[in-house]
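Everything below concerns the one structure shown next.
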Amino acid sequence: MDLETRFELVRGVGEEIITEQELRELLGTNLHPIAYDGFEPSGLAHLPFGVFRPLLLKDLIKAGVHFKLWLADSFAWINNKIGGDLNRIRKVGEYFIEVWKAAGVDEKKVEFLWASDAFSNKEYWKRVILIAKNTTMHRATRALTIMGRKEGELQEVAQYFYPMMQTADIFHLDADICQLGLDQRRANMLARDVAEKMKWKKPVVASHHMLMGLEGAKQPEGYEENKEMDVEISSKMSKSKPQTAIFVHDSQEEIKKKINSAFCPEKVVEGNPVLEYSKYLIFKKFKSMKIERDKKFGGDIELDNYQELEETFRQGKLHPVDLKNAVAMYLDQMIEPIRKHFEKDKKAKKLYEFVKKQEVTR
């Protein structure tokens, strides 16, 4: 595969690339750069985790990227997820691996790694301290939003370790590309700044889009200075708000019910989650999108790309009910293999039953 094709594949994964020039140079000199993303084991898998992340992984693997999936159990512990019980958190992490496997993630082409395994590594902790020594309290406090919390919510000193540890992860994993969600941008930018000061390898940042919840766009809550980014992060689909999320275990009926309740006013494109799922999930997986309609409403239509769908909807040539029916059908098709895996595989089913009983907190 030529450089330009690889570059376009990786660039297509990121909503924001810092910087495109550095990415091009990296791919030109390294056939198999290392990228990583980290996840707190913290509840049942939803669309962003179980469907969107695997879709992005496929493009990165196609481009020759070696991907490390960092199961951030120690971070979930600090963030008081699953009652702050590290053993239970670890079990949720095992469930996460089952979700990815069921979603088609090739275990031979990615690494599953546990953050808590770094606890016994002296060099890791030395790096955490070095990063802390090169970070002001103001910068560290600003970076705390990566936990999904605002400054006023933080009560424990341990929570201030979180951004230092996450920044250290990047260098511990020898990552060339930080390929996390846009909500983790502040930790990634801190890593770039510290790398310059310490003369360490500076990672490229390829932040992917945050899928919005069923309620649509929300008011900015102060996670980023850039208003558009803040709205995107504030509106993201969250496992801790089940009424706004679609999970990989949802039945066909549940998916349809949830999509039918989603924000989707006629002719409104901005802040429309139903259109967003079409753009980032359906057209990422399928070459076209067929929408079935009664003949009296114009009959079936097949759209070849998202731009065509958006314009058709904007002009009022496609009713929200017909769009929702199609999106629910496609999402069910994408979720079905994962759902079936957890119904048929004994180990997976047992893990699912365990996770289902856990209290999910922000």
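Using this note's numbering, the first residue of the sequence shown is number 18, and each one after it goes up by one. Just so you know, even glycine gets a beta-carbon here, dropped at the ideal spot from N, CA and C.
Where are the beta strand (DSSP E) runs, 3 residues long or more, that stay fully inside the segment 38 to 64, in chain order? Counting only runs of 3 or more residues that sit fully inside the segment 38 to 64, the beta strand (DSSP E) segments are 51 to 56, in chain order.
For residue 220, which residues of its own chain have a beta-carbon under 8 Å away from its beta-carbon, when the five flanking residues on both sides are left out? For residue 220, where only same-chain residues beyond five positions count, the Cβ hits under 8 Å are 187, 192, 193, 194, 195, 205, 208, 209, 212.
Figure out for me which residue from 239, 215, 251 has the closest Cα to the Cα of residue 226. Taking only the C-alpha atoms, the option nearest residue 226 is 251.
Pick out whichever of 27, 316, 224, 184 has its Cα sitting closest to the Cα of residue 156. Per the Cα distances, 184.
Counting C-beta neighbours from all protein chains within 10 Å, is the total for residue 239 16 or more, i.e. buried, or is it exposed? Residue environment for residue 239: exposed (fewer than 16 other C-beta atoms within 10 angstroms of its C-beta).
Out of curiosity, what's the CA-to-CA distance linking residue 367 and residue 106? When rounded, the distance between both Cα atoms is 15 Å.
Note the first and the last residue of the continuous beta strand (DSSP E) segment covering residue 284. Run containing residue 284: none; DSSP gives neither H nor E here.
Per DSSP, cross-strand counterpart(s) of residue 30: Residue 30 pairs with nothing; no bridge assigned.
Cβ-based burial, residue 121 [other Cβ within 10 Å; buried from 16]: Residue 121 is exposed by the Cβ-count criterion.
Just to confirm, are residue 33 and residue 224 a CB contact at a threshold of 9 Å? Between residue 33 and residue 224, the C-beta gap is smaller than 9 Å, which places the two residues in contact.
Classify residue 316 as buried or exposed, calling it buried when 16 or more other Cβ atoms lie within 10 Å of its own Cβ. Here residue 316 is exposed: its Cβ has fewer than 16 other Cβ atoms, across all protein chains shown, within 10 Å.
Buried or exposed for residue 282, going by 16 or more other Cβ atoms inside 10 Å? Residue 282 is exposed by the Cβ-count criterion.
At a cut of 8 Å, does the segment 285 to 299 reach the segment 342 to 352 through at least three beta carbon pairs? With a cut-off of 8 Å, the segment 342 to 352 and the segment 285 to 299 count as touching, because enough Cβ pairs lie within range.
CA nearest to the CA of residue 214, picked from 94, 173, 47, 151: The residue with the shortest Cα to Cα distance from residue 214 is 151.
Do the segment 256 to 267 and the segment 52 to 65 meet, that is, are 3 or more Cβ pairs less than 8 Å apart? Proximity of the segment 256 to 267 to the segment 52 to 65 meets the contact definition, three or more beta-carbon pairs being nearer than 8 Å.
Backbone secondary structure at residue 377 - three-state DSSP: Three-state DSSP puts residue 377 in coil, outside helix and strand.
Supposed close pair residue 53, residue 84 - CB separation, criterion 8 Å: Contact holds; Cβ gap of about 7 Å.
So residue 264 is in the beta strand (DSSP E); what residue range does that whole segment cover? Premise fails: residue 264 is in no beta strand (DSSP E) and is neither H nor E.
Any Cβ of chain B within less than 9 Å of the Cβ of residue 220? Absence of chain B from the displayed structure is noted, only one protein chain being present.
Looking at residue 108 and residue 377, is the spacing between their C-beta atoms short of 9 Å? It is not a contact, given that the beta carbons lie outside the stated cut-off.
For residue 276 versus residue 320, is the C-beta spacing smaller than 9 Å? No. Outside cutoff.
So, for residue 314: in the same chain, excluding its five sequence neighbours on each side, which residues have a beta-carbon less than 8 Å away from its beta-carbon? Non-local C-beta neighbours of residue 314 in its own chain, meaning closer than 8 Å and more than five positions away in sequence, comprise 336, 339, ordered along the chain.
Return the bridge partner residues of residue 194 from the DSSP annotation. Paired residues: 52, 221.
Is it a yes or a no for the segment 115 to 133 touching the segment 351 to 360, going by three-plus beta-carbon pairs under 8 Å? Yes, the segment 115 to 133 touches the segment 351 to 360.
Test item: CB-CB of residue 90 and residue 27 under 9 Å: Not in contact: residue 90 and residue 27 (Cβ atoms no closer than 9 Å).
Residue 306 lies in the beta strand (DSSP E); which residues open and close that run? Unbroken beta strand (DSSP E) run through residue 306: 306 to 308.
For residue 374, which option in 135, 59, 80 has the closest C-alpha, if you only look at C-alpha atoms? Residue nearest to residue 374 within the set 135, 59, 80 is 59 (criterion: CA-CA distance).
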